[in-house]
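In full-length UniProt numbering, the protein residues as written are 1 to 297.
For each residue, glycine too, the CB sits at the ideal point set by N, CA and C.
Please read all numbers here as calculations on a predicted model, not as lab measurements.
Structure first, then comments.
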Ligand code: GDP
């Protein structure tokens with residue numbers, strides 16, 4: 001399972017802390033060094049780890065904690081609180097336009113990250129909330145992406161707008177908007193093409209869609225299994241096209257956890273949801289506090 005190795009290491013550090021009645025500054029510093037190692041091994045961004053340990057240390061090394069009733073427990077509590085903070089504290093939502101006004105959500109990400117699957121998962125979530133959702137098949141390059149979206153849309157009972165693979169994504173997006181306006185859709189989710197690596201054509205195409213269609217929320221889908229790469233992808237997408245938040249997929253796998261812990265700190269953008277499997281129901285709201293509890297055990 002995700003985070004297993006990180007959890008195990010942190011639990012060992014905590015066990016040592018708990019076993020000590022009194023703590024010295026040196027005890028805390030040793031423990032934090034171990035926390036630092038564990039986070040680095042979990043592929044958390046180096047700068048993020050450094051700042052995290054500094055923040056914890058500032059709060060943990062002091063008379064209040066050292067002279068308190070249960071200093072080990074206090075240090076553990078501080079680590080927990082700082083970890084929640086690292087992931088954004090609050091649960092973030094995709095912002096919808098007020099009332100019945102249409103909200104346009106553009107899904108972006110590298111090929112294989114889980115964009116098309118996640119678009120259909122999201123559509124199901126919004127449908128459950130009583131929204132009329134249109135999925136737009138804008139990934140005209142990956143073979144089978146359109147058909148995949150159609151199949152998943154059908155499973156979700158959500159209409160899929162497609163013009164095949166002979167039109168440009170921009171034209172498809174514009175036509176989809178007209179269709180949505182005529183038919184009173186509340187939410188339009190545009191699937192876009194990913195490439196294996198970040199490239200200029202992909203960025204240019206996304207920028208072009210944004211220039212031609214009012215996109216209210218740009219959501220980046222990243223694969224948690226790719227660790228620091230996921231964080232670098234998020235940073236680049238945010239700098240190039242501007243993102244509003246991230247959906248982290250494949251958290252059901254044996255990811256080491258680095259992406260979940262670094263993305264917010266590196267990009268300043270929240271994680272909206274976590275993909276927890278291949279089934280269309282496997283999408284969970286991202287709760288920083290629950291995630292921290294899961295990691296810390
Ligand atoms: P796209 O190229 O970004 O559109 O990626 P796809 O939506 O086609 O997904 C790529 C693969 O990842 C597919 O086999 C999906 O079933 C799988 N996938 C997507 N999200 C998740 C997830 O949260 N967990 C797991 N285990 N697999 C996922």
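Nearest candidate by alpha-carbon position, reference residue i, set the options
i	options	result
residue 14	78, 199, 256	78
residue 254	142, 226, 199, 147	226
residue 60	241, 184, 24	24
residue 164	146, 178, 176, 170	146
residue 300	71, 7, 42, 39	Not covered by the structure: residue 300. The range shown for the chain is 1 to 297.
residue 143	192, 175, 99, 100	192
residue 262	66, 241, 278, 233	233
residue 11	200, 39, 221	39
residue 247	236, 269, 84, 239	269
residue 95	244, 235, 17	244
residue 231	194, 201, 155, 271	271
residue 198	213, 92, 34, 235	235
6 Å CB neighbourhood of residue i in its chain, flanking five on each side removed
i	result
residue 190	106, 136, 138, 173
residue 187	103, 126, 131, 133
residue 42	6, 256, 257, 258
Any non-hydrogen atom of ligand 1 closer than 7 Å to residue i Cβ
i	result
residue 154	no
residue 221	yes
residue 173	no
residue 252	yes
residue 176	no
residue 285	no
residue 129	no
residue 229	no
residue 240	no
residue 21	no
Limits of the beta strand (DSSP E) - the one that residue i falls within
i	result
residue 272	271-275
residue 221	217-223
residue 248	245-249
residue 192	187-192
residue 283	283-285
Enclosing alpha helix (DSSP H) for residue i [first to last residue]
i	result
residue 161	It is not in any alpha helix (DSSP H) - residue 161 instead sits in the beta strand (DSSP E) that spans 159-161.
residue 46	46-60
residue 196	First-last for residue 196: undefined, no H or E at that position.
residue 17	4-19
Close-in-space but distant-in-sequence residues of the same chain around residue i (CB under 7 Å, 5 per side omitted)
i	result
residue 56	32, 78, 79, 82
residue 100	186
residue 36	49, 53
Close beta carbons around residue i, own chain, < 8 Å, minus the five adjacent residues each side
i	result
residue 153	120, 123, 135, 159, 160
residue 241	108, 203, 206, 207, 210, 218
residue 249	113, 114, 117, 118, 221, 222, 223, 224, 274, 275
Please give me, in chain order, every unbroken run of the beta strand (DSSP E) with length at least 3 that falls completely inside the segment 103-132.
Taken in chain order, the unbroken stretches of beta strand (DSSP E) that lie wholly in the segment 103-132 and span 3 residues or more are 103-108.
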